[in-house]
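Numbering (full-length UniProt numbering), first residue to last: 1 to 341.
Glycine included, each C-beta is placed from N, C-alpha and C at the ideal position.
None of the values given here were measured: they were computed from a predicted structure.
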């Protein structure tokens with residue numbers, strides 16, 4: 001190994017350096033096997049049993065029993081010694097970087113402690129890198145949403161407004177036979193303008209910046225109720241802890257994605273949205289009485305999990321078949337969170 005500063009080789013094989021996992025495991029197996037054989041030899045030496053040459057038929061059962069006892073003791077000790085490897089394999093199979101905090105506890109097996117600590121450190125590093133890359137990606141996504149919303153509002157929205165004003169002047173001077181058709185065109189343009197404004201509002205929640213989280217969630221629930229035909233019951237506490245702009249944006253986006261999924265896929269007849277504070281945490285809940293049964297995380301749910309990780313929150317999605325879907329976001333300490341930038 002080279003020294004980073006001067007490029008000189010550094011000896012890491014001193015007495016204080018940990019043994020490689022393979023060497024430690026080999027030493028443990030040798031000690032266990034040697035101990036079993038030594039005990040077996042000692043018992044044979046002090047026992048009255050004798051072995052003739054050639055072996056007599058009456059001595060065969062004694063030898064088989066002794067061999068069976070030694071194999072059983074060896075297998076039992078090896079199984080207990082290598083048990084952390086089974087737990088490590090199970091953790092490798094279930095680990096998901098979007099569900100943080102899943103670690104393997106040190107069972108006191110000194111030879112495998114270094115391996116367990118190394119694996120846990122690797123998970124810490126991967127989760128940190130995933131969180132950083134997600135933060136950059138989501139920040140770029142929010143920037144692109146704001147750009148598109150601004151272009152929709154400033155360019156397309158203004159163009160449609162000019163068309164409406166022009167149609168109004170034409171209607172005022174048009175002969176009576178054309179007024180009805182021009183009015184129909186005018187209503188179509190007005191409906192298109194409203195749709196452009198709604199899309200821009202979903203892309204860039206101006207009400208969140210202007211009026212705050214409470215008003216933004218209330219407006220979001222009202223829009224879903226009006227456009228999706230699903231009554232949304234709201235229970236939003238106005239007196240919640242002070243939140244940063246990044247936390248408010250994550251809360252809004254998760255609520256938006258959840259309510260959009262309800263309107264599009266849940267086949268629900270009612271939904272509930274609540275935001276409550278207590279015990280030093282803030283809890284956002286969105287639930288419905290739809291069909292449920294979501295077995296795998298889609299792109300929308302994975303996106304919500306990534307957003308939750310950015311503010312150190314815990315997101316759980318429960319979707320039993322026939323019992324609706326229940327989304328729960330818990331923010332332990334809203335006052336101290338990282339930003340999306």
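Please list the terminal residues of the continuous alpha helix (DSSP H) segment that includes residue 181.
Along the chain shown, one-based indexing puts residue 181 at 181. Its alpha helix (DSSP H) spans residues 176-203.
Just to confirm, are residue 205 and residue 191 a CB contact at a threshold of 8 Å?
Your numbering for residue 205 matches position 205 in the chain shown. Your numbering for residue 191 matches position 191 in the chain shown. Taking 8 Å as the Cβ cut-off, residue 205 and residue 191 do not qualify as a contacting pair.
When you compare each of 168, 305 and 266 to residue 317 by their alpha carbons, which one comes out closest?
As a working note, residue 317 is residue 317 in the chain shown. Closest by alpha carbon: 305.
Between the alpha carbons of residue 46 and residue 115, how many angstroms are there, rounded?
On the chain shown, residue 46 is found 46 positions in, with the first residue counted as 1. On the chain shown, residue 115 is found 115 positions in, with the first residue counted as 1. Their Cα atoms are separated by approximately 41 Å.
Excluding the five sequence neighbours on either side, which residues of its own chain have a C-beta within less than 8 Å of the C-beta of residue 287, listed in chain order?
The residue labelled residue 287 in the question sits at position 287 within the chain shown. 271, 272, 324, 325, 326 and 327, listed in sequence order.
Residues in its own chain within less than 6 Å of residue 250 by CB, not counting five upstream and five downstream?
Counting from one through the chain shown, the residue named residue 250 turns up at place 250. So the list reads 307 and 311, once near-sequence residues are dropped.
Which two residues bound the contiguous beta strand (DSSP E) that contains residue 47?
Residue 47 sits at position 47 when you count from the first residue of the chain shown. Premise fails: residue 47 is in no beta strand (DSSP E) and is neither H nor E.
Could you tell me which residues DSSP puts in a beta bridge with residue 272?
Here residue 272 corresponds to residue number 272 of the chain shown, with the count starting at 1. Residue 272 pairs with 233 and 287.
For my contact list, residue 170 and residue 182 are in at a C-beta cut-off of 8 Å; report their separation, rounded to the angstrom.
Counting from one through the chain shown, the residue named residue 170 turns up at place 170. Counting from one through the chain shown, the residue named residue 182 turns up at place 182. About 6 Å; that satisfies the 8 Å criterion.
Within this structure, are the beta carbons of residue 208 and residue 248 separated by less than 8 Å?
Position 208 of the chain shown, counting from 1, holds the residue named residue 208. Position 248 of the chain shown, counting from 1, holds the residue named residue 248. Result yes, Cβ atoms of residue 208 and residue 248 sit closer than 8 Å.
Can you give me the Cβ contacts of residue 40 inside the same chain, cut-off strictly under 6 Å, excluding the 5 residues immediately before and after it?
Counting from 1 along the chain shown, the entry for residue 40 is found at position 40. Here the set comprises 70.
Does the contact criterion of 3 or more C-beta pairs under 8 Å hold for the stretch 288-296 versus the stretch 260-280?
Flag = yes, the stretch 288-296 and the stretch 260-280 touch.
Just the Cα atoms here: how many angstroms apart are residue 37 and residue 57?
Here the question's residue 37 lines up with position 37 in the chain shown. Here the question's residue 57 lines up with position 57 in the chain shown. Residue 37 and residue 57: Cα-Cα distance of roughly 24 Å.
Tell me the DSSP secondary structure of residue 332 in three-state form.
Your numbering for residue 332 matches position 332 in the chain shown. Coil, per DSSP.
With a CB to CB cut of under 6 Å and the five nearest residues on each side skipped, what residues in its chain are close to residue 284?
To locate residue 284, count along the chain shown from 1; it is residue 284. So the qualifying residues of the chain are 251, 275 and 329.
Which of helix, strand or coil does DSSP assign to residue 53?
For this step, residue 53 is matched to residue 53 along the chain shown. Coil.
I believe residue 157 touches residue 196 by the beta-carbon criterion, under 8 Å. Please report the beta-carbon distance rounded to the nearest angstrom.
Indexing the chain shown from 1 puts residue 157 at position 157. Indexing the chain shown from 1 puts residue 196 at position 196. Confirmed, Cβ separation roughly 5 Å.
Evaluate residue 141 with the Cβ neighbour count: other Cβ atoms within 10 Å of its Cβ, from every protein chain shown; 16 or more gives buried, anything less gives exposed.
As a working note, residue 141 is residue 141 in the chain shown. Its Cβ having fewer than 16 others within 10 Å, residue 141 is exposed.
Using beta-carbon positions only, say whether residue 282 and residue 214 come within less than 8 Å of one another.
What you label residue 282 is simply residue 282 of the chain shown in a count that begins at 1. What you label residue 214 is simply residue 214 of the chain shown in a count that begins at 1. For residue 282 and residue 214, no; Cβs fall outside 8 Å.
Whose C-alpha, out of 246, 229 and 235, is nearest the C-alpha of residue 263?
Here the question's residue 263 lines up with position 263 in the chain shown. Residue 263 has its Cα closest to that of 229, out of 246, 229 and 235.
Where does the unbroken beta strand (DSSP E) through residue 243 begin, and where does it stop?
Here residue 243 corresponds to residue number 243 of the chain shown, with the count starting at 1. Taken as a continuous stretch (DSSP letters only), residue 243 belongs to no beta strand (DSSP E), as it is neither H nor E.
For residue 331 and residue 314, what's the separation of their Cα atoms in angstroms?
Here residue 331 corresponds to residue number 331 of the chain shown, with the count starting at 1. Here residue 314 corresponds to residue number 314 of the chain shown, with the count starting at 1. Rounded to the nearest angstrom, the two C-alpha atoms are 7 Å apart.
For residue 246, does the count of other Cβ atoms within 10 angstroms reach 16, so buried, or fall short, so exposed?
Within the chain shown, numbered from 1, the residue matching residue 246 stands at position 246. Residue 246 comes out buried.
For my contact list, residue 189 and residue 220 are in at a C-beta cut-off of 8 Å; report their separation, rounded to the angstrom.
For this step, residue 189 is matched to residue 189 along the chain shown. For this step, residue 220 is matched to residue 220 along the chain shown. Not really, about 27 Å apart at Cβ, beyond 8 Å.
Look up residue 134 in the DSSP assignment and give the residues it is bridged to.
Taking the first residue of the chain shown as position 1, residue 134 is located at position 134. DSSP, once it has assigned bridges, lists no residue as partnering residue 134.
For residue 210, name the three-state secondary structure that DSSP assigns.
Reading the chain shown from its first residue, position 210 is the one you call residue 210. Note: residue 210 maps to helix in three-state DSSP.
Taking all protein chains shown into account, decide if residue 322 is buried (16 or more other Cβ within 10 angstroms of its Cβ) or exposed.
Your numbering for residue 322 matches position 322 in the chain shown. The residue in question, residue 322, is exposed, as its Cβ has fewer than 16 Cβ neighbours within 10 Å.
By alpha-carbon positions, which one of 152, 139, 102 and 232 ends up nearest to residue 121?
Mapped onto the chain shown, residue 121 falls at position 121. The shortest C-alpha separation from residue 121 is found at 102.
Quick check: the Cα distance between residue 226 and residue 232, rounded to an integer number of angstroms?
By one-based count along the chain shown, residue 226 stands at place 226. By one-based count along the chain shown, residue 232 stands at place 232. So the alpha carbons of these two residues sit roughly 10 Å apart.
Hey, how far is the Cα of residue 31 from the Cα of residue 280?
On the chain shown, residue 31 is found 31 positions in, with the first residue counted as 1. On the chain shown, residue 280 is found 280 positions in, with the first residue counted as 1. Each residue's Cα considered, the two are about 51 Å apart.
Which whole-angstrom value is the C-beta distance of residue 309 and residue 134, which I expect to be below 8 Å?
Against the chain shown, residue 309 aligns to sequence position 309. Against the chain shown, residue 134 aligns to sequence position 134. Between residue 134 and residue 309 the Cβ distance is about 7 Å, and since that is below 8 Å, they are a contact.
Residue 93: buried (16+ other C-beta within 10 angstroms of its C-beta) or exposed?
One-based indexing of the chain shown puts residue 93 at position 93. It counts as exposed.
For residue 317, report the span of its beta strand (DSSP E) as first-last.
As a first step, residue 317 must be located in the chain shown, where it is residue number 317. Its beta strand (DSSP E) spans residues 314-318.
Count the other CB atoms within 10 Å of the CB of residue 112; is the residue buried (16 or more) or exposed (fewer)?
The sequence position of residue 112 within the chain shown is 112, counting from 1. Residue 112 should be labelled buried.
Using three-state DSSP, classify residue 105 as helix, strand or coil.
Walking along the chain shown from the start, residue 105 turns up at place 105. DSSP places residue 105 in coil when its eight states are reduced to three.
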